[in-house]
Ligand code: URA
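Numbering (my numbering), first residue to last: 852 to 1045.
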């Protein structure tokens, strides 16, 4: 994907994220990855953190997992531009390790500011790190997936991370059930299979 325009209300947050030195991830990033997409979307997707492709481009979910996420979004009847796609941490953890609690804590205020301005109807947490970071989930994602939480009054669905679905395709069925539950909660019909 090419670089989409930044909605003006989000510009100050993007600027703060790009200048951020609060945690050690700042030292090793090529680009901060604030996330991108629409204001007041039906859905905001929250992942774990940038990988190598995202770090190189400054855009969220543009690598292999991102390509699967794009397909999942399309199957739901949306385009990437119609939703918001972001992460718990905005800078790549070296070697794609899981972000440290301190790194997540430093970065969470940015996500909170984003959510307050973006005002999605609903949030989808992709994977255990997103669930832990946004709604302090302690149940393993294999058990917690498919269930609803809440963040500041916004319904939150927990599901698998697309990178996990790439490793274990047998989990795609459950992930799709979770996304169908999201559509039902939004009062949307399933688009015709394509
Ligand atoms: N995985 C994530 O969690 N986020 C990205 O942006 C890319 C891969």
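No residue lacks a Cβ here, since even glycine has one placed at the ideal position from N, Cα and C. Nothing here was measured: the structure is a model prediction, and the numbers come from that model.
For residue 955, the closest alpha carbon among the candidates 857, 901, 1044 is that of 901.
With fewer than 16 other Cβ atoms from the protein chains shown falling within 10 Å of its own Cβ, residue 945 counts as exposed. Boundaries of the beta strand (DSSP E) around residue 938: 935-938.
Nearest C-alpha to residue 1000 among 1016, 918, 982: 982. Between the ligand URA and residue 914, a heavy atom-to-CB distance of less than 7 angstroms is present. Residues of the same chain with a CB within less than 7 angstroms of the CB of residue 938, apart from the 5 flanking positions on each side, are 884, 886, 897, 898, 899, 900, 901, 911 in chain order. With contact defined as three or more Cβ pairs closer than 8 angstroms, the segment 870-883 and the segment 916-932 are not in contact. Residue 989 counts as exposed, since fewer than 16 other C-beta atoms from the protein chains shown sit within 10 angstroms of its C-beta. For residue 979, the shortest separation between its Cβ and any heavy atom of the ligand URA does not lie below 7 angstroms. Annotation for residue 1014 indicates a beta carbon within 7 angstroms of some heavy atom of the ligand URA. Looking at the backbone, the Cα of residue 1009 and that of residue 995 are separated by about 7 angstroms. DSSP, read as helix, strand or coil, puts residue 897 in strand. The ligand URA has a heavy atom closer than 7 angstroms to the beta-carbon of residue 901. At a Cβ-Cβ threshold of 8 angstroms, residue 974 and residue 1011 do not count as neighbours. In this structure, the straight-line span from the alpha carbon of residue 1033 to that of residue 873 is close to 34 angstroms. Take residue 949, set aside five residues on each side of it, and the residues of its chain with a beta-carbon closer than 8 angstroms to its own are 899, 980, in chain order.
The Cβ atoms of residue 1007 and residue 977 do not sit closer than 8 angstroms to each other. Straight across, the Cα-Cα distance linking residue 867 with residue 963 is about 13 angstroms. Looking at 959, 904, 1027, the one whose alpha-carbon comes closest to that of residue 915 is 904. Residue side-chain check: residue 1025 keeps its Cβ at 7 angstroms or more from all non-hydrogen atoms of the ligand URA. Look at residue 1001 here: in three-state DSSP terms it is strand.
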